[in-house]
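Residue numbers (full-length UniProt numbering), protein chains in the order written: chain A, 1 to 118; chain B, 1 to 118. Single-structure report; data block below.
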DNA sequence: CAGGATCCAGGGCGATACTG
DNA sequence: CAGTATCGCCCTGGATCCTG
């Protein structure tokens, strides 16, 4: 399939480019990945699962994922507060992709460790 | 290249995180994608295929992909110069992932256009 | 033709403190 | 518990000009 350059000024929208803009954040794929394996996670659980993320980034990333309708946020008005996050159906469509990426990354990591035996 | 945050062994190495740092650049997936459909592309061809990328970014991205051994760079010492880029076997392993992402992005784009007709 | 070299902005991201 | 609010760094990426 050719990428014909558009005369009307805008570049032809590219699915890869679009998708990367959507889930290209530093933590988005990881969050989706964990949400898939655990199905439902509370805010604090996510925070513990991803120890290297600050509350600001976690909240911000979750908001973006929610705005993109990749995850579902369910809030319980209780004391103490409770919020549950889960994958939406659209978000679930990304799992095979993340899974592939995950396997590839794991393999590369192992190769790298093997190569760095110094 | 992004932060090396956890590759040095503090946090448990996550394949998704690793992979994203590897191909998380703005154009990397797109370049791999085009290299797969065309098999071999010269620098100028890539430049025309991706009209929205400057020479600096194209060169820089190609270097990083080459350093990561995802693409192969073959240089011909001729006049005028000629350089051909193609996927490595490791890079080719990423194609199913990019394909999935591409299809997902295309579908989302169509839905978005459809939804914005109100 | 296929880059290299500089300069520079925008914003992604982090650290820290505070809140309903 | 589940977030907000600020402040600021620095890295990604853009614009422009130069070269073998």
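We put the CB at the ideal spot given by N, CA and C, even for glycine.
| Asked | Found |
| --- | --- |
| Contact between the segment 89-109 of chain A and the segment 48-62 of chain A is defined here as three or more beta-carbon pairs at a separation below 8 Å; is this criterion met? | no |
| Within this structure, are the beta carbons of residue 84 of chain B and residue 40 of chain B separated by less than 9 Å? | yes |
| Starting from the Cα of residue 37 of chain A, find the closest Cα among A:55, A:15, A:91, A:17 and give me that residue. | A:91 |
| Are the C-beta of residue 87 of chain A and some C-beta of chain B separated by less than 9 Å? | no |
| Taking contact to mean 3 or more Cβ pairs, one atom from each stretch, closer than 8 Å, check whether the segment 58-69 of chain B and the segment 63-77 of chain A are in contact. | no |
| Verify the CB distance criterion: does residue 93 of chain B have a CB-CB separation below 9 Å to chain A? | yes |
| Opposite residue 41 of chain A in the DSSP bridges: which residues? | A:85 |
| For residue 28 of chain B, which residues of its own chain have a beta-carbon under 7 Å away from its beta-carbon, when the five flanking residues on both sides are left out? | 61, 65 |
| On a Cα-Cα basis, can you pick out the residue from A:115, A:106, A:45, A:94 that is closest to residue 69 of chain A? | A:94 |
| To the nearest angstrom, how far is the alpha carbon of residue 13 of chain A from that of residue 78 of chain A? | 44 Å |
| Note down, in chain order, all residues in the segment 57-77 of chain B with a beta-carbon under 7 Å from any beta-carbon belonging to chain A. | none |
| Since residue 24 of chain B meets chain A, which of its residues come closer than 7 Å, beta carbon to beta carbon? | 24 |
| Say whether chain A places a C-beta atom closer than 9 Å to the C-beta of residue 101 of chain B. | yes |
| I'd like to know whether the C-beta atoms of residue 82 of chain A and residue 18 of chain B end up nearer to each other than 9 Å. | no |
| Between which two residues does the alpha helix (DSSP H) carrying residue 98 of chain B extend? | 95-115 |
| Would you mind telling me which residues of chain B sit closer than 7 Å to residue 115 of chain A, beta carbon to beta carbon, in chain order? | What residue 115 of chain A touches in chain B: nothing, since even the nearest Cβ is about 11 Å away. |
| How would you list, in chain order, the residues of chain A whose beta-carbon sits under 8 Å from the beta-carbon of residue 16 of chain B? | 29, 30, 33, 98, 101, 102, 105 |
| Please state whether DSSP places residue 53 of chain B in a helix, a strand or coil. | coil |
| What do you get for residue 113 of chain B, buried or exposed, if any count of 16 or more other CB atoms within 10 angstroms of its CB means buried? | exposed |
| With 9 Å set as the bound, which would you pick, yes or no: does the beta-carbon of residue 41 of chain B sit closer than that to a beta-carbon of chain A? | no |
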